[in-house]
Each structure stands twice: as structure tokens, then as C-alpha cells.
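Below is one structure, written out as C-alpha cells; the observations come after it.
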Amino acid sequence: MQDYFFDEVFVKDAGAAEGILESFHQTWKQPLTEEEIQEIIARQKNPFPTNSPYYNQYIPIDPTKWRMPEGELPGAYAEFLRYSDGGEFRTGERYFQFFSTSDFREMNLAYELPEYMPLSVSFAMDGCGNHYLFDMREAPVEGEYPILAAHSGNLGYDECVRVADSFEALCRGKRSLDEELDSRYT
Numbered sequence: 001m002q003d004y005f006f007d008e009v010f011v012k013d014a015g016a017a018e019g020i021l022e023s024f025h026q027t028w029k030q031p032l033t034e035e036e037i038q039e040i041i042a043r044q045k046n047p048f049p050t051n052s053p054y055y056n057q058y059i060p061i062d063p064t065k066w067r068m069p070e071g072e073l074p075g076a077y078a079e080f081l082r083y084s085d086g087g088e089f090r091t092g093e094r095y096f097q098f099f100s101t102s103d104f105r106e107m108n109l110a111y112e113l114p115e116y117m118p119l120s121v122s123f124a125m126d127g128c129g130n131h132y133l134f135d136m137r138e139a140p141v142e143g144e145y146p147i148l149a150a151h152s153g154n155l156g157y158d159e160c161v162r163v164a165d166s167f168e169a170l171c172r173g174k175r176s177l178d179e180e181l182d183s184r185y186t
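At position 146 of the sequence shown the residue is numbered 146 (full-length UniProt numbering), and the sequence of numbers has no breaks.
As C-alpha cells, then:
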């Protein structure tokens with residue numbers, strides 16, 4: 001990935017070393033550890049007051065049923081990580097806050113992506129609460145997965161929008177994710 005993909009570079013981190021990339025490619029999709037499961041269970045709270053008629057209907061999510069995608073991440077994305085292991089960039093109105101290899105898994109689990117959008121993984125956000133996600137429900141086409149946009153407060157396949165067919169096309173796109181998501185209603 002070269003600088004010309006982005007109109008503006010706000011934060012360019014050092015590229016990920018080959019050893020880090022190799023470890024990342026092997027570990028990001030591993031089944032949840034017992035520690036991760038317990039952490040997710042511990043942070044769940046019934047959002048309803050005890051006097052609410054919905055209080056007894058609350059069912060916490062069960063992270064033991066989550067599964068991570070099994071496919072390989074696109075080669076173009078790996079090339080980007082060699083260029084910058086995370087970072088912030090802009091093209092047109094499209095803003096990127098890419099996760100580093102060390103934050104990638106943690107961010108996906110923190111947003112409970114395996115629960116709300118199984119077999120998709122978020123690799124960046126846009127600064128407005130919107131995620132960029134690889135949709136890995138189907139086999140890749142020429143090594144690439146469709147890229148979806150979804151808002152943190154409304155994660156799900158029914159509410160997301162396909163914004164690109166490849167990582168490079170995404171990075172060259174100029175429309176903000178808010179515009180892309182709002183296009184559902186026009």
C-alpha cells in the first residue's frame with residue numbers, strides 16, 4: 001500500500017514486522033479463550049430497571065457459541081499492515097482509523113461482532129462510530145471479501161451497507177460512511 005491511496009495521512013504507524021504479521025494471521029481467528037469468555041460475560045448487565053416489564057425477559061449473550069471466521073484476510077490488507085500497523089487516513093470524505101494487529105481481535109470482541117455480525121470482522125472505524133468490515137460469510141473472490149459498513153449502535157446484516165468489493169477500492173472511495181449508510185433511505 002502506498003501513500004497515493006490516501007489524500008491525507010494523519011497518523012502513519014510503523015509497518016508490522018513479518019513475525020508480527022505471521023502471529024497475527026494465526027491468532028486473530030482462534031476460538032475465544034476462557035479468559036475472553038469470562039470477560040465478556042462479566043461486562044453484561046441487564047439494561048432494564050427491576051420494575052420494568054422487560055427486566056425478566058433479558059437474556060444475556062452467550063460468547064461460548066461464537067465462532068470466528070476461518071478464512072484468510074485479504075493480501076491487500078496484509079500489505080497495508082506492512083505499510084502501517086494501524087493509523088489514521090482520509091480519502092475525500094472517507095476517514096479511516098485502522099486497527100493495529102494488537103488491537104484487531106480486542107476491538108472485534110469488545111463490539112461483540114461474532115454475536116451481531118457472525119463471520120464478519122471489523123478492521124477499522126471512521127471516527128463517527130461506523131465500522132469497516134470484511135464480510136467473510138462467503139468464499140473470497142480473487143482473494144478479496146466484500147467490505148461492509150455498519151454503525152456500532154446498530155450492528156447487523158439487515159442494517160449494513162456494502163461499500164466496496166476490495167480493500168483497494170475501499171481506500172480509493174471518497175464518500176463518508178455516514179453518506180453510504182444514509183443511502184439506504186434515499
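Glycine included, each C-beta is placed from N, C-alpha and C at the ideal position.
- By the Cβ-count criterion, residue 10 is exposed, with fewer than 16 other Cβ atoms from all chains shown falling within 10 Å of its own Cβ.
- Classified as exposed, residue 154 has fewer than 16 neighbouring CB atoms from the shown chains inside 10 Å of its CB.
- Within the stretch 7 to 36, the complete alpha helix (DSSP H) runs of at least 4 residues fall at 18 to 27.
- Put simply, of 164, 48, 54 and 77 the residue whose alpha carbon is nearest the alpha carbon of residue 16 is 77.
- A straight line joining the alpha-carbon of residue 152 with that of residue 111 spans about 7 angstroms.
- The criterion of a C-beta distance shorter than 8 angstroms is satisfied by residue 120 and residue 136.
- When secondary structure is reduced to three states using DSSP, residue 119 falls in the coil class, being assigned neither helix nor strand.
- In terms of CA proximity to residue 95, 180 leads the group 114, 180 and 103.
- Inter-segment contact for the stretch 129 to 148 and the stretch 64 to 80 is present: three or more beta-carbon pairs are separated by less than 8 angstroms.
- In the three-state reduction of the DSSP assignment, residue 86 falls in the coil class.
- Exclusion of the five residues before and after residue 58 leaves 46, 47 and 48 as the residues of its chain whose Cβ lies within less than 8 angstroms of its Cβ.
- By the Cβ test, the stretch 31 to 47 is not in contact with the stretch 124 to 131, since fewer than three Cβ pairs between them sit closer than 8 angstroms.
- Judged by beta-carbon spacing, residue 24 lies beyond the 8 angstroms limit of residue 171, meaning their Cβ atoms are not closer than that value.
- A Cβ-Cβ contact shorter than 8 angstroms links residue 183 with residue 161.
- Buried is the label assigned to residue 163, since at least 16 other Cβ atoms lie within 10 Å of its Cβ.
- In this structure, residue 144 sits near residue 167, with a CB-CB distance shorter than 8 angstroms.
- For residue 134, the enclosing beta strand (DSSP E) covers residues 130 to 135.
- Excluding residues up to 5 positions away in sequence, 15, 16, 21, 24 and 101 lie with their Cβ nearer than 8 angstroms to the Cβ of residue 81 in the same chain.
- Take the alpha-carbon of residue 60 and the one of residue 104: they are about 24 angstroms apart.
- Look at residue 148 here: in three-state DSSP terms it is strand.
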